[in-house]
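Asker:
4 protein chains.
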Amino acid sequence: MPNNQVPSSIKDEALVWKRRNQMIKGAVALFKEKGFHKTTTREIAKASGFSIGTLYEYIRKKEDVLFLVCDSIYQRVKERMEASIDPNQTSVESLVEAIRSYFQLMDDMQDEVLVMYQEVKSLSKDAQDYVLQKERDMVAMLEQVIVNSVTEPISEADVTLIANNIFVQGQMWGFRRWILNRTFTLDSYIDRQTQLLLHGLSKEVKELS
Amino acid sequence: MPNNQVPSSIKDEALVWKRRNQMIKGAVALFKEKGFHKTTTREIAKASGFSIGTLYEYIRKKEDVLFLVCDSIYQRVKERMEASIDPNQTSVESLVEAIRSYFQLMDDMQDEVLVMYQEVKSLSKDAQDYVLQKERDMVAMLEQVIVNSVTEPISEADVTLIANNIFVQGQMWGFRRWILNRTFTLDSYIDRQTQLLLHGLSKEVKELS
Amino acid sequence: MPNNQVPSSIKDEALVWKRRNQMIKGAVALFKEKGFHKTTTREIAKASGFSIGTLYEYIRKKEDVLFLVCDSIYQRVKERMEASIDPNQTSVESLVEAIRSYFQLMDDMQDEVLVMYQEVKSLSKDAQDYVLQKERDMVAMLEQVIVNSVTEPISEADVTLIANNIFVQGQMWGFRRWILNRTFTLDSYIDRQTQLLLHGLSKEVKELS
Amino acid sequence: MPNNQVPSSIKDEALVWKRRNQMIKGAVALFKEKGFHKTTTREIAKASGFSIGTLYEYIRKKEDVLFLVCDSIYQRVKERMEASIDPNQTSVESLVEAIRSYFQLMDDMQDEVLVMYQEVKSLSKDAQDYVLQKERDMVAMLEQVIVNSVTEPISEADVTLIANNIFVQGQMWGFRRWILNRTFTLDSYIDRQTQLLLHGLSKEVKELS
DNA sequence: TATGAATGAGGGTTCATTCAT
DNA sequence: GATGAATGAACCCTCATTCAT
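Note that the protein sequences, when read in sequence, are chains A, B, C and D. Note that the working numbering gives residue 7 to position 7 of the first sequence, counting from 1, and the numbers run on in steps of one. Note that the working numbering gives residue 1203 to position 203 of the second sequence, counting from 1, and the numbers run on in steps of one. Note that the working numbering gives residue 2166 to position 166 of the third sequence, counting from 1, and the numbers run on in steps of one. Note that the working numbering gives residue 3209 to position 209 of the fourth sequence, counting from 1, and the numbers run on in steps of one.
(1) Express the C-alpha separation of residue 3149(D) and residue 3055(D) in angstroms, rounding to a whole number.
(2) Would you identify the three-state DSSP class for residue 3200(D), choosing helix, strand or coil?
(3) With 9 Å as the threshold, decide whether the Cβ of residue 2067(C) is near any Cβ in chain D.
(4) Cutting at 7 Å between CB atoms, please list the residues of its own chain near residue 2065(C), excluding the five before and the five after it.
(5) Quick test of your reading: residue 2036(C) and residue 2124(C), contact by CB under 8 Å. State the CB separation rounded to the nearest angstrom.
(6) With burial defined as no fewer than 16 other Cβ atoms inside 10 Å of the residue's Cβ, what is the status of residue 3002(D): buried or exposed?
(7) Which of the residues in the segment 3165 to 3195 of chain D, read from start to end, lie with their CB under 9 Å from any CB of chain C?
(8) Confirm, please, whether the CB-CB distance from residue 16(A) to residue 73(A) is below 9 Å.
(9) Taking 9 Å as the cut-off, decide whether the C-beta atoms of residue 51(A) and residue 19(A) are in contact.
(10) Can you find a CB in chain C that lies within less than 9 Å of the CB of residue 2952(D)?
(11) Within the same chain, show all residues whose beta-carbon is closer than 7 Å to that of residue 1091(B), passing over the 5 residues directly before and after it, in chain order.
(12) Excluding the 5 residues preceding and the 5 following residue 1189(B) in the sequence, name in chain order all residues of the same chain whose CB lies nearer than 8 Å to its CB.
(13) I'd like to check one pair, residue 1071(B) with residue 1128(B): are the Cβ atoms closer than 9 Å?
(14) Counting along the chain, where does the alpha helix (DSSP H) carrying residue 1126(B) start and finish?
(15) Could you spell out the range, first to last residue, of the alpha helix (DSSP H) harbouring residue 2152(C)?
(16) Is residue 1042(B) close to chain A, meaning its C-beta is less than 9 Å from at least one C-beta of that chain?
(17) Which of the three DSSP states is assigned to residue 3009(D) in this structure?
(18) Report the three-state DSSP secondary structure of residue 1032(B) (helix, strand or coil).
(19) So what's residue 2001(C) in DSSP terms, helix, strand or just coil?
(20) Taking Cβ-Cβ distances below 8 Å as the criterion, which residues of the segment 1103 to 1116 of chain B are in contact with chain A?
(21) Rounding to the nearest angstrom, what Cα-Cα distance links residue 88(A) and residue 1078(B) in this structure?
(22) Name the residue from 169(A), 151(A), 183(A) whose alpha carbon lies nearest to the alpha carbon of residue 1156(B).
(23) List, in order along the chain, the chain C residues whose C-beta lies closer than 9 Å to that of residue 3062(D)?
(24) Per DSSP, what kind of secondary structure is residue 1109(B) in: helix, strand or coil?
(25) Taking the C-alpha atoms as reference points, what is the distance between residue 3197(D) and residue 2131(C)?
(26) Residues in its own chain within less than 7 Å of residue 3095(D) by CB, not counting five upstream and five downstream?
(27) If contact means a Cβ-Cβ distance below 8 Å, which residues of the segment 2078 to 2096 of chain C contact chain D?
(28) Taking the alpha-carbon positions, what's the residue 3119(D) to residue 3034(D) distance?
(29) Given a limit of 8 Å on CB to CB distance, which residues of the segment 1126 to 1150 of chain B reach chain A?
(30) Suppose you measure from the CA of residue 2169(C) to the CA of residue 2140(C); what does that come to, to the nearest Å?
(31) Let me confirm a value: residue 1143(B) is counted as buried when at least 16 other C-beta atoms fall within 10 Å, else exposed. Which label applies?
(32) For residue 3175(D), which three-state DSSP category applies?
(33) With DSSP run on the structure shown, which of helix, strand or coil describes residue 182(A)?
(34) Contact criterion: CB-CB distance below 9 Å. Does residue 1030(B) meet it with respect to chain A?
(35) Got a sec, what are the start and stop residues for the alpha helix (DSSP H) residue 60(A) sits in?
(36) Answer with yes or no whether the minimum CB distance from residue 3202(D) to chain C is below 9 Å.
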């Protein structure tokens, strides 16, 4: 059950799972506050509720903590996305609903997502690839929903672009919150972004022919 | 002329200006490659073409280098944005043109923007506020262009939202390039994003009434 | 029966004896490969076939393992030396035979001897004295054989010197093997060293009067 | 001039030479007292008369200190051996003189030699090879002297054996001093070993025909 | 003004040892 | 008797910063 890309000296898997969850929880808070590099392993251990020695029974390197954090985030995001998306539904409503779920999710997990986005580059190349793949999977889920929702054919490129836009707008709610929540609540943000996606500025601007 | 938020022991302002430009150029390359924290002051000095002792004649702390980098980026971005936006023009074309200029700019300065985007959080609170204010100024410029371009009234909230979307989509071209340039060239990216902004999916989906 | 200079929490002496033999066997291999300091107690436990907790039921400190190894080596060396030396025989043949036995022994136990030779200094002062005493005993055995073998009186100093030379030449076969076995087999080594001891270079050099 | 197998960040070669000599001197004393592994880098720095930071300006890893120590020992040994051996002299006296010089040398440098012999195995494989080569060179010097000294032909194997014996007996004076200097002074040790080498036990034993 | 040697606080990591189960 | 999770002192090494030249 625990991520086995990061080996542990502890044999009891349930314990590994439990301790690593303590670790992730403590680490997210610290990484958010001061960033990965300025957080010491001793602080992580303390925030996790055990000693530095114990910390290293469950990971090999400090970087492993960051990897576990990222992995756990994507795991949870994916689970929630899958739970809220119905692949059989094919009307535009399912897209609207998926966007709502995803933005809601980004709101719930803003700390984690913020941390992940600012610190992935601190991972090793391999770990980055692993995390990036998860991200690709997520975007692919959005692409699927988009394809299912349109009634008229739409180019692959546009599907990609829209999926990426939604993806980034979700993150934006997390890491540009300092400016956005002067103007929006989560609900109004979701609402306006959805409107904009569906209609653009078609009514507000007049283009030259 | 040189940024005086970062004091220097050297009196000759022209020299300070020159040396700091060397510094910024060297530092951007290093920060891009390995990030701010993993770059040492010695490496910055070497890449700048002078000794570690000299480096510290022109800054007080390592963080100052990052600050100078960020400041220089915004300075240059702002200059180019101002040069390419005509506040008197009020048709939708000016918005289209502003978007094109801005995306082009993000493409030209992708290294710098990537660095800034990933490392601002390493600045002190004060320095972050300073940089954030520059960012707000930039978004405000986009907002102005939007207001000038629409023919029908549009809510303030929507203006903010659209400006932020454009802003983030510009950055996205920089830091999600690894996925986007499988599908898009800069021109096609600009083109599709513009279309999407103006019309959304109005033709592709049929909404319930 | 088990060495009682190293106390154990386990009461069953036969078990202590058995476990410690497992330990010694595993430890010699590890010490030879990576040295005492670079071998961890966990590795010793694993190589011995039991857990780290169990290891510490049979010793007090890591150093005890080294002590047990050294003690066991001398024990076995002494037993074999005693078995092969006949104190009643008094011709030079008995010396020749003793040398042969001893060199053969050093060849058989080269791993163990190498380890002991390189790691004694890691023992505490007390333990070193204990081990050194065993070494003195061994040299004394050689001295006895020498005394029994000569037909003309020989100074005590020379007895000591020769005994030490033989002792060191035996070790030399173990730890300079990398150079010696380009030229010698064990048998030819024994043969030539014996010849040299008995006749020196008397025929090959001409001394000034 | 300073050993360039161990790179230093300091540019001034004379300074590197000076600081490394301080290091070697301090390190030998410590290594002799407590061994390489039990000596900390901070202790080495302190004994060398500078800070831990400065220490690491002149080496890369702790192991480098040990390497420098070993290298310096062989350098000095070689210089002194070369100075005292006259390759043109071809009588047995030159062998006797070479032995005397070498044993005297081992006496002078006993601390260093002891350290080297107990700690070489802590070096990396490469560094060990380098040091071993120096050792081979030294033995080769002894072999040359032997060849020059004999009046009757002597087998290559015997040359090798005698050279190794002398080599090891020299070391023995260093690391078995605790037992030898109950019986010998340096001079009497040299004298008896020389006699033994030249004549063996030919007068003291009677062999079966 | 420029240099680079010196400093030492502090960080990541290891591992002998303990002790509750 | 056996196990292995937990502990934390201690080690190696880095690097921002200073300052004498």
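Backbone N, C-alpha and C fix where the C-beta goes; we use that ideal spot for every residue, glycine too.
Answerer: Answer, in terms of the structure:
(1) Position 55 of the fourth sequence, counted from the first residue, corresponds to residue 3055(D). Position 149 of the fourth sequence, counted from the first residue, corresponds to residue 3149(D). In this structure, the CA atom of residue 3055(D) is about 47 Å from the CA atom of residue 3149(D).
(2) One-based indexing of the fourth sequence puts residue 3200(D) at position 200. It is coil, neither helix nor strand.
(3) Within the third sequence, residue 2067(C) is the residue found at index 67, counting from 1. No, because no Cβ of chain D sits closer than 9 Å to the Cβ of residue 2067(C).
(4) The residue given as residue 2065(C) occupies position 65 in the third sequence. Closer than 7 Å at the Cβ level, and outside the excluded window around residue 2065(C), lie 2023, 2027, 2044, 2059.
(5) Your numbering for residue 2036(C) matches position 36 in the third sequence. Your numbering for residue 2124(C) matches position 124 in the third sequence. Rounded, the Cβ-Cβ distance is 13 Å, inconsistent with contact.
(6) For the purposes of this step, residue 3002(D) is taken as residue 2 along the fourth sequence, with counting starting at 1. When all chains shown are included, residue 3002(D) counts as buried.
(7) Only 3165, 3167, 3168, 3169, 3171, 3172, 3176, 3178, 3179, 3180, 3182, 3183, 3184, 3188, 3189, 3192, 3193, 3195 from the segment 3165 to 3195 of chain D bring a Cβ to less than 9 Å from some Cβ of chain C.
(8) The sequence position of residue 73(A) within the first sequence is 73, counting from 1. The sequence position of residue 16(A) within the first sequence is 16, counting from 1. No Cβ-Cβ contact shorter than 9 Å links residue 73(A) with residue 16(A).
(9) Residue 51(A) sits at position 51 when you count from the first residue of the first sequence. Residue 19(A) sits at position 19 when you count from the first residue of the first sequence. Between residue 51(A) and residue 19(A), the gap from beta carbon to beta carbon reaches 9 Å or more.
(10) An answer regarding residue 2952(D) cannot be provided, because it is not within the stretch 3001 to 3209 covered by chain D.
(11) Working through the second sequence from its first residue, we reach residue 1091(B) at position 91. Excluding residues within five positions, the ones whose Cβ falls inside 7 Å are 1149.
(12) For this step, residue 1189(B) is matched to residue 189 along the second sequence. Excluding positions up to five away in sequence, the list reads 1103, 1173, 1180.
(13) Counted from its first residue, the second sequence places residue 1128(B) at position 128. Counted from its first residue, the second sequence places residue 1071(B) at position 71. The criterion of a C-beta distance shorter than 9 Å is not satisfied by residue 1128(B) and residue 1071(B).
(14) What you label residue 1126(B) is simply residue 126 of the second sequence in a count that begins at 1. Its alpha helix (DSSP H) spans residues 1125 to 1149.
(15) Reading the third sequence from its first residue, position 152 is the one you call residue 2152(C). Residue 2152(C) -> no alpha helix (DSSP H), and no H or E assigned at all.
(16) For the purposes of this step, residue 1042(B) is identified with residue 42 of the second sequence, where counting begins at 1. Taking 9 Å as the CB threshold, residue 1042(B) stays off the interface with chain A.
(17) Against the fourth sequence, residue 3009(D) aligns to sequence position 9. Coil at residue 3009(D), not helix or strand.
(18) Residue 1032(B) sits at position 32 when you count from the first residue of the second sequence. It is helical.
(19) Looking up residue 2001(C) in the third sequence gives position 1. Residue 2001(C) falls in the coil class under three-state DSSP.
(20) Of all residues in the segment 1103 to 1116 of chain B, none has a C-beta nearer than 8 Å to a C-beta of chain A.
(21) Against the first sequence, residue 88(A) aligns to sequence position 88. Against the second sequence, residue 1078(B) aligns to sequence position 78. Rounded to the nearest whole angstrom, the CA to CA distance from residue 88(A) to residue 1078(B) is 48 Å.
(22) One-based indexing of the second sequence puts residue 1156(B) at position 156. Looking from the CA of residue 1156(B), the closest CA among 169(A), 151(A), 183(A) belongs to 183(A).
(23) Taking the fourth sequence and counting its residues from 1, one reaches residue 3062(D) at position 62. Residues of chain C passing the Cβ test: none, with the nearest at roughly 12 Å.
(24) As a working mapping, residue 1109(B) is identified with position 109 in the second sequence. Residue 1109(B) carries a coil assignment under DSSP once its states are collapsed to helix, strand and coil.
(25) Locating residue 3197(D) in the fourth sequence gives position 197, where the first residue counts as 1. Locating residue 2131(C) in the third sequence gives position 131, where the first residue counts as 1. Residue 3197(D) and residue 2131(C) have their C-alpha atoms some 30 Å from each other.
(26) As a position in the fourth sequence, residue 3095(D) is number 95, starting the count at 1. Excluding residues within five positions, the ones whose Cβ falls inside 7 Å are 3145, 3146, 3149.
(27) Of all residues in the segment 2078 to 2096 of chain C, the ones placed with a Cβ closer than 8 Å to any Cβ belonging to chain D are 2091, 2092, 2093, 2095, in chain order.
(28) Taking the first residue of the fourth sequence as position 1, residue 3119(D) is located at position 119. Taking the first residue of the fourth sequence as position 1, residue 3034(D) is located at position 34. If I take the Cα positions, the gap works out to 11 Å.
(29) Near chain A, meaning a CB-to-CB distance below 8 Å, the residues of the segment 1126 to 1150 of chain B are 1132, 1136, 1139, 1149, 1150.
(30) Residue mapping note: residue 2169(C) aligns to position 169 of the third sequence, counting from 1. Residue mapping note: residue 2140(C) aligns to position 140 of the third sequence, counting from 1. Cα to Cα, residue 2169(C) sits roughly 16 Å from residue 2140(C).
(31) Stepping through the second sequence from its first residue, residue 1143(B) is reached at position 143. When all chains shown are included, residue 1143(B) counts as buried.
(32) Within the fourth sequence, the letter at position 175 stands for residue 3175(D). In this structure, DSSP gives residue 3175(D) a helical state, which the three-state scheme calls helix.
(33) Taking the first sequence and counting its residues from 1, the one referred to as residue 182(A) is at position 182. Annotated three-state conformation of residue 182(A) is coil, per DSSP.
(34) Numbered from its first residue, the second sequence carries residue 1030(B) at position 30. Under the Cβ distance rule, residue 1030(B) does not count among the residues neighbouring chain A, no pair being separated by less than 9 Å.
(35) Locating residue 60(A) in the first sequence gives position 60, counting from the first residue. For residue 60(A), there is no enclosing alpha helix (DSSP H), as DSSP marks it with neither H nor E.
(36) Taking the first residue of the fourth sequence as position 1, residue 3202(D) is located at position 202. Contact with chain C is found for residue 3202(D), since one of that chain's Cβ atoms lies less than 9 Å from the residue's Cβ.
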